[in-house]
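Visitor: Below: one structure in structure tokens.
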Amino acid sequence: MSPIPRRSLLKAAAVAGAAAQFSWALGAKDAQAAPRADASDADPVTLDWLEDGGLGAAPGSTVGVPWPKGVYEADQTFALTDADGRAVPVQTWPLAYWPDGSLKWTAHAVSSGSGKLILAAGQAAAPDKKVTVDRSGGTVDVSTGVITVRIGRDGSTLVKSVRRGSTEIARNGRLVLIRQPEIEDDDQGTVRTERFDGAIGEVTVEQDGPVRAVVRIDGKHRKGNRSWLPFSIRLYFYAGADSFRMVHTITYDGTQEPGKASGDFIRGLGVRFSVPLRDAAYDRHIRIGGEGKGLLREAVKGITGLRRDPGAAVQAAQYAGQKLPDPSTWDQRVTTRLQYIPEWGDYTLAQLSADGFTLRKRTKKGYGWIGAGGGRRASGFGYVGGASGGLSFGLRDFWEKHPAQLDIRDAHTDEAEVTLWLWSPEAQPMDLRFYHDGMGQDTYAEQLEGLNITYEDYEPEFGTPYGIARTSELLFWANESTPSADVLAQQVEAVRTLPQLAAPPKQLIRAKVFGPGLYSEPDRSTPAKAKIEDHLDFLFTYYKDQVEQRRWYGFWDYGDIMHTYDTVRHVWRYDIGGYAWDNSELSPDLWLWYAYLRSGRADIFRFAEAMTRHTGEVDVYHLGKWAGLGTRHGVQHYADSAKQQRIANTTYRRFYYFLTADERVGDLMHANVDSDETFLVLDPLRKVRTDPYTPDRHALSIGFGTDWSGLVSAWLTEWERKGPKWEKAKARVLSTMEGIAAQPNGFVQGSGLYDLDTGKFAVASAPVVSVSHLSAVFGLNELCAELIDLVDMPKFNDAYFDYCRYFNATKAEQKARYGSDFGTLLLFQGHSRLDAYAAVRTGDAALAKRAWTKFYGSDGYTESSPWKTEAVSGPMALVAGSEASWVSSNDTALYGLAAIENLALLGDKMP
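In terms of our numbering, the sequence shown opens at residue 1396 and continues consecutively.
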């Protein structure tokens, strides 16, 4: 992609006013293109749970629902009923607005429900037990009507107490960080560690009921004079719930240098609570989740299996977690010897890999551990308490994001301690050092040579983890007594699969969100359509199976997929430069989300959810000089020196946010609003420029494809959400659209000189042909479909339709239109969706025909592709499984998106 030569700047500035002939004063009138919906579009919406079972033991669920333009004004209220017409309490707030001010997305929080729920305009029912928030003292006190949680405003105690009625169930909730200052790379040396505690910096009440309350706690981990590893915690409360949810985010800001043994190595990262215990030791119960809904069910002082029998009813009651009758009623041969039965105070379950956990216990500190079982994959659930109350706790994606651990300590005393370890202290320290020494790649020329052999774009000091983040989710229940086996099973299920309400595909399509016309429900009405649906199913199933077979799990890795397969070694190229972790290359995130939008399938949603959590946190920088940029695909998620907008792209986050109202993802999107400033810090084309270029605040070279699509998605989202910077964001959406449309060659111009202060592109004085096969494959088509629907700007439309029309055209057609052809291109199958979109928008039948021609017969997957897997086993492979050596993640993302969009746009014009 050739930049505009710097010497053209003055000429470009001189003609910058050319765009004014079709512009308007920004903000002077609404920019709108899509017509308002009619009254029939205000029909009630039936919401359903992604998985069977409804809310279960979870505290609540929040769902995003879209509305056609103009159906509801900003102040509209909503009511919710169940299938029998009974009112269900609901809390509603706006998530996004159409340009005319009407509601585009609304969020709805519920704290009850097991079946389908009907959402319609009306007055919401109030819950019998409302969530209330009291900020009057030195704490923030949240009551669900069942439990009351006291949240600290300063110090190291985040949750001062959790009460159910007058009973304190838990207290002293805090964050724990263990730092190891040095890694020993041999079998000698002394391991030293130091503990840091989370220190509160700021507490914000984001919502205060009546159905849902959210409290955000920000701070850093501190010991003495040092504070590091920023955290952002959100606590979620729902009306009538006996539980609450924690969303825990850390951002790594330590130092780890390749080749050096010293640094900030995390040895343990956890959340810890103290649990007061009031019952006799034989009435205190331990529950630890094993495989599936399996549980270790024990008492601190067990009275089963003894040489003397206290009575079958007594034994059964203890196993059930019920309060035992007075020991004077037992067989006295047991009662008189109770003091000789050990009390087991400490338990640890460690999940150090995706393939195994161990469970052990001991009586107390200083005494030996004994094995208490083990298995493959633990649920991440535990409980400690007794007949007078106790705390259940769980860590979501426990084994998927190994190494994880659950600890119970001192259950034989008056106060037990529970720690949920997001990074197990029994695992190796968190080693984030870059993986090689540079191999002499000290100059750009040498780095480009390295790119040509391993596909890794290396640059010294660029492979840093500084600024990457990770989010975890935890659940806590304040039980009035030890739960029954059935209730415990429900709690385990909520930890493993957090219940989620969802709007049906028909409503998403009817509301015309995420690009009107780009997706439709699966249709197998003809053999040709059925075959494409089969291919889409095959690809998703294959990747889901590969996650399992290849063990794409781990704290930093879970949610991502690999880029390219090594057909000789029968493995994905996990250790070869740019062929390893995918990091959103060519938009697999979009493929998965559009696959969900059209189908409503829970398994696709969960896959896309994990990817969104990963790619938005781990593959993007949130602190430091590269904050707002993401990292290109590589052996480590932060290894490659290409730090670019295309990976930080807000487009990939929009789906999860609007479907769930997730505040953390909302933070990530808002943080990108000013990411145009990153072009001052780092030139994405620094290694390949042929003309002199120094980043200039008033003349930044920004590409109209991968660069602009990342920027405009953040601006559009801020505008739609009416975020704190929405007016600036709206202005930049409109001004940059105008600027691209005003270029001599529109999108084909390739890039423009952007002024950070005005948010405008200078209009080039001369036409340039600069087209990359990458420009449109990071969400540009999907974004432009949204923008064209939202904004009435015919010249922008024409510029984009022209780009769509000529990318897949012949070189002769390109030259006839632009005076020069586009050079050597690829990814024609993926670009067939641009043909399809422009064909529908312009009514071009020839373009519609070409869309299917390019889809079926260019590059990528074809009907003659194998569309099957082959078995692999030892000694050919590490583990037995399957492979489809012809599959690559680039082709999968492009085929998936092209198939989905072409079927929706031109399903009635298939050959």
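Idealized CB from N, CA, C, for every residue including glycine.
1) Could you check which residue in P1820, A1873, P2079 has the C-alpha nearest to that of L1744?
2) I need the boundaries of the beta strand (DSSP E) containing W1739, first residue and last residue.
3) Identify which residue in Y1714, Q1710, R1703, L1747 has its Cα closest to the Cα of T1731.
4) Specify whether the region 1988-2006 and the region 1959-1975 touch according to this definition: at least 3 beta carbon pairs, one from each stretch, less than 8 Å apart.
5) Around the C-beta of R1728, are 16 or more other C-beta atoms found within 10 angstroms, so that it is buried, or is it exposed?
6) Under DSSP, the alpha helix (DSSP H) around G1465 begins and ends at which residues?
7) List the whole-angstrom C-beta distance separating I1661 from L1572, where the pair is believed to meet the contact cut-off of C-beta under 8 Å.
8) DSSP three-state call for Y1492: helix, strand or coil?
9) Kindly indicate which three-state DSSP category M1825 falls into: helix, strand or coil?
10) Within a Cβ cutoff of 7 Å, which residues of the same chain sit near L1450, ignoring the five residues on either side of it in sequence?
11) Are the Cβ atoms of G1789 and R1771 separated by less than 8 Å?
12) Identify whether M2188 lies in helix, strand or coil by the three-state DSSP scheme.
13) Using a Cβ-Cβ cut-off of 7 Å (strictly less than) and excluding sequence neighbours within five positions of G2141, which residues of its own chain qualify?
14) Using the three-state DSSP reduction, which class does D1613 fall into: helix, strand or coil?
15) What is the DSSP secondary structure of I1628, reduced to helix, strand or coil?
16) Using the DSSP secondary-structure output, state which residues sit across from F1871 in a beta bridge.
17) Are the CB atoms of S1556 and R1548 nearer to each other than 8 Å?
18) To which residues of the same chain is F2156 closer than 7 Å at the C-beta, ignoring the five residues directly before and after it?
19) Can you look up Q1471 in the DSSP assignment and give me helix, strand or coil?
20) Please check the pair G2044 and G2174, which I expect to be a contact at CB under 8 Å, by giving their CB distance rounded to whole angstroms.
21) What residues are listed by DSSP as bridge partners for T2007?
22) With C-beta atoms as the reference, is W1976 less than 8 Å away from H1930?
23) Here's the rule: buried if 16 or more other CB atoms are within 10 angstroms of the residue's CB, otherwise exposed. What is D1523?
24) Using alpha carbons as the reference points, say which of L1490, D1477, T1936, Y1937 lies closest to G2118.
25) If you drop the 5 nearest sequence neighbours on each side, which residues of the same chain put their C-beta closer than 7 Å to that of A2246?
26) So what does DSSP say about H1503, is it helix, strand or coil?
27) What are the start and end residues of each continuous alpha helix (DSSP H) run of 4 or more residues lying completely inside the region 2110-2141, in chain order?
28) Which of helix, strand or coil does DSSP assign to A1519?
29) Less than 8 Å between the C-beta atoms of S1787 and S1876, yes or no?
30) Do you know offhand how far F2050's Cα is from W1493's?
31) With distance defined between alpha-carbon atoms, name the residue in Q1518, R2084, V2015, L2080 nearest to T1866.
32) Do you know whose CA, among G1716, D1792, I2097, lies nearest Q1746's CA?
33) Are the CB atoms of A1453 and T1539 nearer to each other than 8 Å?
34) Does Y1861 come out as helix, strand or coil in the three-state DSSP assignment?
35) What residue range does the beta strand (DSSP E) around Y2033 cover?
36) Thinking just about the alpha-carbon of each residue, which of Q2144, A2294, I1999 is nearest to the one in D1940?
Guide: This is what the structure gives:
1) P1820
2) Taken as a continuous stretch (DSSP letters only), W1739 belongs to no beta strand (DSSP E), as it is neither H nor E.
3) R1703
4) no
5) exposed
6) Here G1465 belongs to no alpha helix (DSSP H), and DSSP marks it neither H nor E.
7) 7 Å
8) strand
9) strand
10) S1456, S1507, G1508, S1509, P1894
11) no
12) coil
13) I2135, A2194, D2197, Y2198
14) strand
15) strand
16) F1639, F1788
17) no
18) T2131, G2134, I2135, G2147, L2148, Y2149
19) coil
20) Residue identity check: residue 2044 is Asn in the sequence provided, not Gly. About 6 Å; that satisfies the 8 Å criterion.
21) DSSP, once it has assigned bridges, lists no residue as partnering T2007.
22) no
23) exposed
24) L1490
25) S2227, D2230, A2231, A2234, N2297, L2301
26) strand
27) 2121-2137
28) coil
29) no
30) 16 Å
31) V2015
32) D1792
33) no
34) coil
35) Premise fails: Y2033 is in no beta strand (DSSP E) and is neither H nor E.
36) I1999
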